[in-house]
Amino acid sequence: MKAFRIIADHIRCATFILGDQRGVTPSNVDQGYILRRLIRRSIRYAMQLNIPRYGIVEIASAVIDQYGDVYPELEENREKVLSELKREENRFADTLKKGIKEFNKTAANARDGKIDGISAFHLYDTYGFPIELTMELAQEKGITVDVDGFHEAFAEHQKKSQAGATQRFKSGLADHQEATTALHSATHLLHKALRVVLNDDTISQKGSNITAERLRFDFSFPRKLTPEELKAVEDLVNEQIQRHMPITCEEMTVAEAKAQGAIGLFESKYGERVKVYTMGDFSKEICGGPHAENTGDLGHFVIKKEEASSSGVRRIKAVLEK
Ligand SMILES: [Zn+2]
Numbered sequence: 000m001k002a003f004r005i006i007a008d009h010i011r012c013a014t015f016i017l018g019d020q021r022g023v024t025p026s027n028v029d030q031g032y033i034l035r036r037l038i039r040r041s042i043r044y045a046m047q048l049n050i051p052r053y054g055i056v057e058i059a060s061a062v063i064d065q066y067g068d069v070y071p072e073l074e075e076n077r078e079k080v081l082s083e084l085k086r087e088e089n090r091f092a093d094t095l096k097k098g099i100k101e102f103n104k105t106a107a108n109a110r111d112g113k114i115d116g117i118s119a120f121h122l123y124d125t126y127g128f129p130i131e132l133t134m135e136l137a138q139e140k141g142i143t144v145d146v147d148g149f150h151e152a153f154a155e156h157q158k159k160s161q162a163g164a165t166q167r168f169k170s171g172l173a174d175h176q177e178a179t180t181a182l183h184s185a186t187h188l189l190h191k192a193l194r195v196v197l198n199d200d201t202i203s204q205k206g207s208n209i210t211a212e213r214l215r216f217d218f219s220f221p222r223k224l225t226p227e228e229l230k231a232v233e234d235l236v237n238e239q240i241q242r243h244m245p246i247t248c249e250e251m252t253v254a255e256a257k258a259q260g261a262i263g264l265f266e267s268k269y270g271e272r273v274k275v276y277t278m279g280d281f282s283k284e285i286c287g288g289p290h291a292e293n294t295g296d297l298g299h300f301v302i303k304k305e306e307a308s309s310s311g312v313r314r315i316k317a318v319l320e321k
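Structural data, given as structure tokens:
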């Protein structure tokens with residue numbers, strides 16, 4: 000009988016794959032997929048013949064008895080082979096129960112004796128029915144499946160999920176941009192706050208590094224800051240944030256910027272135009288931007304660390320909490 004032979008062949012083959020040292024197990028890719036199809040086809044035939052559940056496990060056990068002498072790895076891996084088969088049978092039983100119901104509905108609605116590609120894809124996508132299984136079931140009912148349509152629906156779905164990934168990537172970039180922009184604005188507030196709290200107008204920026212998670216600001220200062228000073232700097236920055244001050248940008252010459260008391264790097268050539276960012280009445284700094292629109296958008300400023308960077312240069316790491 001054809002079904003018996005198919006079961007015997009498939010289970011023998013599956014037993015050898017599972018018993019192999021390479022350790023292939025049923026899955027949806029590559030060799031794992033081939034193995035899964037062998038096992039699931041056997042189970043389906045076994046069901047048709049009313050072979051009880053785990054019948055294929057007994058068949059596999061018999062295969063190992065028969066070949067174990069010649070292929071000792073089968074005997075060594077007996078436990079693993081049988082438990083993998085059992086697990087796959089359980090997984091398949093769950094899938095089948097739900098999927099067969101859906102398949103029968105789909106088959107009943109099939110027009111011109113043909114299941115359309117989108118329905119076949121739905122069986123695959125939602126119930127894990129491989130297209131081969133849908134085809135076999137359709138054949139038993141004397142109907143066909145639009146296989147080309149299935150592959151089109153499959154490709155369309157992949158395109159969409161890739162577009163979704165691109166969208167997620169883009170919004171991730173936007174979030175990143177927003178976070179770094181806010182931290183950059185906080186850096187300006189920090190710079191000015193240090194000058195105010197330490198009462199030193201010669202403090203200047205020696206480096207700045209901003210990620211989406213934190214800011215790092217290096218500045219000229221001869222000694223370690225006390226906890227009280229750090230707290231005062233933190234408080235002063237948060238005060239400016241709570242004042243919800245607009246952040247504006249103006250272009251002017253370096254001379255004009257200097258005249259207005261802007262701080263920042265005056266490396267540009269004399270007469271060249273630079274951007275000056277102003278935060279209310281608190282901070283004015285030459286900078287390329289970009290910045291947040293209002294200090295109120297920054298969140299809560301927290302200094303995480305103050306340490307030496309190099310001789311005469313201190314380093315502060317800080318974050319903005321929501
Ligand atoms: Zn800046």
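Numbering (numbering that gives the first Met the number 0), first residue to last: 0 to 321.
Cβ coordinates follow ideal geometry from the N, Cα and C atoms, glycine included.
Quantities reported herein were computed from a predicted structural model and do not represent experimental measurements.
Q) ligand 1 heavy atoms versus the CB of Thr186: any closer than 8 Å? A) Yes.
Q: Note down the Cα distance separating Gln241 from Ile117, rounded to an integer number of angstroms.
A: Spanning the two alpha carbons is a distance of roughly 55 Å.
Q.
Please return the same chain residues whose Cβ sits closer than 7 Å to the Cβ of Glu151, not counting the five positions on each side in sequence.
A. A distance below 7 Å between beta-carbons, with the five flanking residues on each side excluded, links Glu151 to the following residues of its chain, in chain order: Gly116.
Q: Would you please state the rounded distance, in angstroms, between the beta carbons of Ser282 and His187? I believe it to be under 8 Å.
A: 5 Å between Cβ atoms; contact.
**Q.** Bridge-paired residues (DSSP) for Phe216
**A.** DSSP links Phe216 through a beta bridge to Ser207, Ile315.
Q. How many Å lie between Leu224 and Val28 at the Cα?
A. CA-to-CA, the gap between Leu224 and Val28 works out to about 59 Å.
Q: May I ask whether a heavy atom of ligand 1 can be found less than 8 Å away from the beta carbon of Glu284?
A: Relative to ligand 1, the nearest heavy atom lies less than 8 Å away from the CB of Glu284.
Q: Spell out the partners DSSP gives Tyr276 in its beta bridges.
A: DSSP lists Cys248, Glu284 as partners of Tyr276.
Q) Quick one: what's got a C-beta closer than 6 Å to Thr210's C-beta in the same chain, skipping five residues either side? A) So no residue of the chain qualifies.
Q) By a C-beta neighbour count over all protein chains shown, 10 Å radius and 16 as the cutoff for buried, is Glu87 buried or exposed? A) Result: buried.
Q) Which residues mark the beginning and the end of the alpha helix (DSSP H) in which Lys303 is found? A) Counting along the chain, Lys303 falls outside any alpha helix (DSSP H), though it belongs to the beta strand (DSSP E) covering 299-309.
Q.
Given this structure, state the Cα-to-Cα distance separating Leu84 from Phe102, to the nearest angstrom.
A. Whole-angstrom Cα-Cα distance: 25 Å.
Q | Proximity test, Cβ basis, 9 Å: Ala109 and chain B | A | Here there is only one protein chain, and chain B is not present.
Q) Is the beta carbon of Gly171 within less than 8 Å of some heavy atom of ligand 1? A) In this structure, ligand 1 has no non-hydrogen atom nearer than 8 Å to the beta-carbon of Gly171.
(Q) Following a CB-centred definition, is Ser207 positioned closer than 8 Å to any heavy atom of ligand 1? (A) Result yes, Cβ under 8 Å from ligand 1.
Q: Check whether the stretch 172-186 touches the stretch 195-203, counting contact only when three or more Cβ pairs, one atom from each stretch, lie closer than 8 Å.
A: They do not touch, by the three-pair rule.
Q. Near Arg213, which residues of its chain fall below 8 Å by C-beta distance, leaving aside the five closest residues on each side in sequence?
A. The beta carbon of Arg213 sits closer than 8 Å to the beta carbons of Leu182, Lys303, Lys316, Ala317, Val318 from its chain, once the five residues preceding and following it are set aside; these are given in chain order.
Q | Beta-carbon contacts of Asp174 that lie in its chain and below 8 Å, excluding the five residues immediately before and after | A | Taken in chain order, the residues that qualify are Ala211.
Q.
Would Val273 and Ile262 qualify as a contact pair, given that the criterion is a beta-carbon distance under 9 Å?
A. No, these two residues do not count as a Cβ contact at 9 Å.
Q. Going straight from the alpha carbon of Phe120 to that of Ser160, what length do you get?
A. CA-CA distance, Phe120 to Ser160, rounds to 15 Å.
Q) Nearest CA to the CA of Glu74: which residue from Gln20, Leu122, Asp93, Arg90? A) In terms of CA proximity to Glu74, Gln20 leads the group Gln20, Leu122, Asp93, Arg90.
Q. Taking 8 Å as the line, does the beta carbon of Tyr32 fall inside it for any heavy atom of ligand 1?
A. Checking the Cβ of Tyr32 against ligand 1 gives no.
Q.
Suppose you measure from the CA of Gly141 to the CA of Ser170; what does that come to, to the nearest Å?
A. Distance between Gly141 and Ser170, taken at the CA atoms: about 49 Å.
Q.
Once DSSP output is grouped into helix, strand and coil, what is the label at Lys140?
A. Coil at Lys140, not helix or strand.
Q | Length of the line joining the Cα atoms of Ile99 and Thr133 | A | Cα to Cα, the separation comes out at about 9 Å.
Q) How about Val69 and Thr14: do their beta carbons lie closer than 9 Å? A) No, the Cβ-Cβ distance between Val69 and Thr14 is not below 9 Å.
Q | Separation of Thr24 from Lys158, as counted between CA atoms | A | Going from the Cα of Lys158 to the Cα of Thr24 covers about 29 Å.
Q. Taking the alpha helix (DSSP H) that Arg90 falls in, what are its first and last residues?
A. Where Arg90 is concerned, the enclosing alpha helix (DSSP H) stretches over 77-108.
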